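These notes are about the structure you will find just below.
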Amino acid sequence: LNVKRVEPEDSGTYTCTLTFTLGGVTGTVSESIDASIRDEYSLVPQVHEPTNEIIKAKIGSNLTVKCLVFVPGVGIPFVDVLWLVRDDFIFDTSPPANVYTSEPSVWSQKTPQEGVWFERMLFISELKKEDFYINYTCQASSFRGVPKGYFTLLPSDPDILLPVGLVFCHVVVLFIVSVTVY
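Numbering (the UniProt record's numbering), first residue to last: 1 to 182.
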């Protein structure tokens, strides 16, 4: 039996009957199955955050970044959302680890497109020199695919406001002294 374009109405009992003749005797054998159609499906997960971006932060500060994944479909799909650093999965979900993740949060959405959101946070307690210039990857693993999103962590630009302000003040002082002396 091959049912094409299965619909929920196709649920029910299906019976296959074999009629045979053996040694002049006719007989039948039947086998029945109960088929239930689940109106559930899921499509390829979509990583919405991070978006292959650059994030800048100061050494010594802490950092929190969200991994946000949407899986279009009906029902709760099996999707494993994990963070990777240097191609190693992060399984710690609390300090004292310097780099750890939250437990995943899951919620459903009906509109504009039906599906399920998964969110998993990445925490870095104190940014160290070795935490910079590497990619942090969020991976959503499902039987439909394994999409990824990442961010690259860079040190924040130096604060040049103070040196510029000091140079400006010195120029003003020199100007005032020059005018006064002249």
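Even glycine gets a Cβ: it sits at the ideal position worked out from N, Cα and C. Since this is a predicted model, take the numbers as computed values, not measurements.
- By the C-beta density criterion, TRP107 is exposed, having fewer than 16 other C-beta atoms within 10 angstroms.
- At least 7 Å separates the beta-carbon of PHE132 from that of TYR100.
- Here GLY115 carries a strand assignment [DSSP, helix/strand/coil].
- Per the Cβ contact rule, the stretch 143-159 is in contact with the stretch 44-55 (3 or more Cβ pairs under 8 Å).
- Taking the C-beta atoms as reference points, THR19 is found nearer than 7 Å to THR28.
- Looking at the DSSP output, GLU49 sits in a beta bridge with LEU68.
- For GLY165, the enclosing alpha helix (DSSP H) begins and ends at 161-181.
- For TYR133, no beta strand (DSSP E) encloses it, and the DSSP letter there is neither H nor E.
- Nearest in C-alpha terms to GLY73, of all of PRO112, ALA57, VAL85, is PRO112.
- The three-state reading of DSSP puts GLU7 in coil, since its state is none of H, G, I, E or B.
- Put simply, the stretch 75-88 does not touch the stretch 155-171. Fewer than three CB pairs are less than 8 Å apart.
- When rounded, the separation of the alpha-carbon atoms in THR64 and PRO155 is 15 Å.
- Excluding the 5 residues flanking it on each side, SER105 has same chain C-beta neighbours closer than 6 Å at GLU119, in chain order.
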